[in-house]
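The number in the working numbering is simply the position in the sequence shown, starting from 1, with 32 added. Okay, so here's the structure we're looking at.
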Amino acid sequence: MSTRTARSREDRVLVQDGRRHHRKTYSRTEFRIGLACLAVLGAVVGWVVWMGAHPDPALFEAPIIGEGADLPGGLAPAAPAPADRGPLPEELAVAGWTEGVPSAFGYDNLYEKINGREGYYKQFGFEMLHFVSLVSDADPQTIVDIELYVLDSPDNARGAAAGERPADAVTETVGADTNTLYRNALYLTRGDLYIRAIGSDESPAVTAQLEKIRDAFPAAAAGAEIPWSQQLFAGELGLDPGSIS
Numbered sequence: 033m034s035t036r037t038a039r040s041r042e043d044r045v046l047v048q049d050g051r052r053h054h055r056k057t058y059s060r061t062e063f064r065i066g067l068a069c070l071a072v073l074g075a076v077v078g079w080v081v082w083m084g085a086h087p088d089p090a091l092f093e094a095p096i097i098g099e100g101a102d103l104p105g106g107l108a109p110a111a112p113a114p115a116d117r118g119p120l121p122e123e124l125a126v127a128g129w130t131e132g133v134p135s136a137f138g139y140d141n142l143y144e145k146i147n148g149r150e151g152y153y154k155q156f157g158f159e160m161l162h163f164v165s166l167v168s169d170a171d172p173q174t175i176v177d178i179e180l181y182v183l184d185s186p187d188n189a190r191g192a193a194a195g196e197r198p199a200d201a202v203t204e205t206v207g208a209d210t211n212t213l214y215r216n217a218l219y220l221t222r223g224d225l226y227i228r229a230i231g232s233d234e235s236p237a238v239t240a241q242l243e244k245i246r247d248a249f250p251a252a253a254a255g256a257e258i259p260w261s262q263q264l265f266a267g268e269l270g271l272d273p274g275s276i277s
């Protein structure tokens with residue numbers, strides 16, 4: 033054995049014999065089993081390819097379930113859940129407008145609707161937000177969004193409205209409630225409710241829809257208790273009630 037070969041074997045740690053094949057014969061049984069496995073795998077691949085090219089038409093057929101039909105197993109089709117309108121009145125849209133699907137947001141998911149502004153309403157005792165959009169049939173780009181906030185007290189409702197009304201807007205008082213119609217926006221307070229409606233533009237059509245919304249929320253009945261702050265500042269001092277919170 034040459035010195036080079038001996039040194040090469042010494043450098044190997046695990047397999048010092050290198051690539052030498054020690055098995056001089058092989059089993060014919062193993063060879064036949066290997067061929068059989070390859071044949072089975074080939075058959076499986078061929079079946080998958082054939083089934084992909086010839087799908088069963090029954091797999092694409094779905095029964096049409098009409099009104100009053102029964103599902104398999106005696107189950108009836110589930111009816112869609114009614115929308116939660118909350119205090120939103122019916123028929124808010126004027127003729128030529130269509131109401132969208134109402135939605136509601138609670139204390140924990142208010143951010144989904146008004147992310148970045150939720151803290152403002154929560155400081156006024158926020159409990160629930162009911163939302164709905166009204167869309168003009170003649171121009172789908174003309175929209176009025178209604179946000180109805182349920183707060184924990186009438187005082188907080190008036191405070192939330194006072195913080196969002198424009199400074200130069202004129203506010204009307206009806207008992208303990210307030211109405212503010214300013215350009216393309218409407219701000220109402222009805223007890224512990226604060227209603228804000230914003231139109232997409234300043235047009236006669238939007239104004240008519242805002243007036244309809246205002247009239248859909250009846251103001252406080254005559255003789256309702258008026259907060260002492262309104263009695264003092266609006267009644268005695270003649271200040272704009274919209275600036276009183």
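Positions of the beta carbon are idealized from the N, C-alpha and C atoms, including for glycine.
Asp187 and Gly157 have their C-alpha atoms roughly 10 Å apart.
Contact annotation: the segment 167 to 182 does not touch the segment 198 to 205, with fewer than three C-beta pairs closer than 8 Å. By the criterion of a C-beta distance shorter than 8 Å, Ala251 is surrounded in its chain by Val206, Gly207, Asp209, Asn211 and Arg222, once the five residues flanking it on both sides are discounted. Residue pairing by DSSP places Ile227 opposite Leu180 and Leu220 in a beta bridge. For the options Pro236, Ala68 and Tyr143, the alpha carbon positioned closest to that of Lys154 is the one of Tyr143. Around the beta carbon of Trp79, fewer than 16 other beta carbons lie within 10 angstroms, which makes this residue exposed.
When the alpha-carbon of Ser235 is set against those of Ser168, Ser59 and Trp82, the nearest one is in Ser168. At least 8 Å separates the beta-carbon of Leu166 from that of Glu123. Judged by DSSP in its simplified three-state form, Phe249 adopts coil rather than helix or strand. In terms of Cβ geometry, Gly138 and Met160 form a close pair [threshold 8 Å]. Per the coordinates, the alpha-carbon of Ile230 lies some 58 Å from the alpha-carbon of Met83.
Tyr143 carries a helical assignment under DSSP once its states are collapsed to helix, strand and coil.
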